[in-house]
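Under my numbering, the sequence shown is numbered contiguously, ending at residue 1385. First the structure, in the form of structure tokens, and then the observations on it.
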Amino acid sequence: MMSAPIRRTTRDLLTASISPEDLLDAAVVCANVPSPLSSVAFHREVECIRRFFAAGFPVHLAIHRVDGAAPARRDYTELHTHDVPEINLILPDPTGLEYRVELGDSVHHLVESTSLWIPPGVPHAANVVRGSGYLVAVRLDHGGAT
């Protein structure tokens, strides 16, 4: 009798000694589907962002496409925390992209291609100021619905 496959966490995959054949069985390909920014706790819709979510992916993966954000302060994301680490990638188009990122009491104005590591429990918020490009958010949990 064959047993059901064991679901591996990201940490398991990164730390275990796994054969290439077993890794291939864990590979996932899924579409990035439109998903409202407001479907995420502590976030509201903003006119210049289209959000896509990798439903069925083994970790939370969201892609925010920023198009032509005119210079302005937009606080559409409130300070919040997670129980797991989060990675944010800010990827400007050639025309430029500026994000205002809060990490606890620190405020950072990011205008270059930037990677952020946000440990569990750190209050954070990322809000676009101006420009075009992408913010990619990866939470190292078990994916989710939004």
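Each residue gets a CB set at the ideal place from its N, CA and C atoms; glycine is no exception.
Nearest-angstrom Cα separation, counted from HIS1348 out to ASP1322: Here residue 1322 refers to the residue found at position 83 of the sequence shown. Here residue 1348 refers to the residue found at position 109 of the sequence shown. So the two alpha carbons sit approximately 25 Å from each other.
Stretch-stretch touch, CB-based, cutoff 8 Å, three pairs: the stretch 1329-1344 with the stretch 1283-1298: no
One or two residues paired with GLU1233 in a DSSP bridge: Any question about residue 1233 goes unanswered here, given that the chain covers just 1240 to 1385.
One or two residues paired with ALA1301 in a DSSP bridge: Numbered from its first residue, the sequence shown carries residue 1301 at position 62. Beta-bridge pairing links ALA1301 to PHE1292 and ALA1376.
CB-CB length for TYR1338 against LEU1374, believed under 8 Å: Position 99 of the sequence shown, counted from the first residue, corresponds to residue 1338. Position 135 of the sequence shown, counted from the first residue, corresponds to residue 1374. About 7 Å; that satisfies the 8 Å criterion.
Contact under 9 Å by Cβ, PRO1359 with PRO1324: The sequence position of residue 1359 within the sequence shown is 120, counting from 1. The sequence position of residue 1324 within the sequence shown is 85, counting from 1. Yes; because the gap between Cβ atoms is below 9 Å, this pair is in contact.
Bridge partners - GLY1370, DSSP secondary structure assignment: Counting from one through the sequence shown, the residue named residue 1370 turns up at place 131. Bridge partners of GLY1370: ALA1308 and LEU1336.
Three-state secondary structure assigned by DSSP to PRO1259: Looking up residue 1259 in the sequence shown gives position 20. Helix.
Nearest-angstrom Cβ-Cβ length linking ASN1327 and ALA1294, presumed shorter than 8 Å: One-based indexing of the sequence shown puts residue 1327 at position 88. One-based indexing of the sequence shown puts residue 1294 at position 55. Not really, about 20 Å apart at Cβ, beyond 8 Å.
Inter-residue Cα distance where the pair is VAL1279 and ASN1271: For the purposes of this step, residue 1279 is identified with residue 40 of the sequence shown, where counting begins at 1. For the purposes of this step, residue 1271 is identified with residue 32 of the sequence shown, where counting begins at 1. If I take the Cα positions, the gap works out to 16 Å.
Burial state of PRO1259 (16 or more Cβ within 10 Å): Position 20 of the sequence shown, counted from the start, is the residue given in the question as residue 1259. By the 10 Å Cβ count, PRO1259 comes out exposed.
THR1334 versus ALA1308, ARG1378 and PHE1296, residue with shortest Cα-Cα distance: The sequence position of residue 1334 within the sequence shown is 95, counting from 1. THR1334 has its Cα closest to that of ALA1308, out of ALA1308, ARG1378 and PHE1296.
Closest Cα partner of ILE1357 within the set GLU1284, ASP1261, GLY1370 and ALA1376: Translated into the one-based positions of the sequence shown, residue 1357 becomes position 118. Per the Cα distances, ALA1376.
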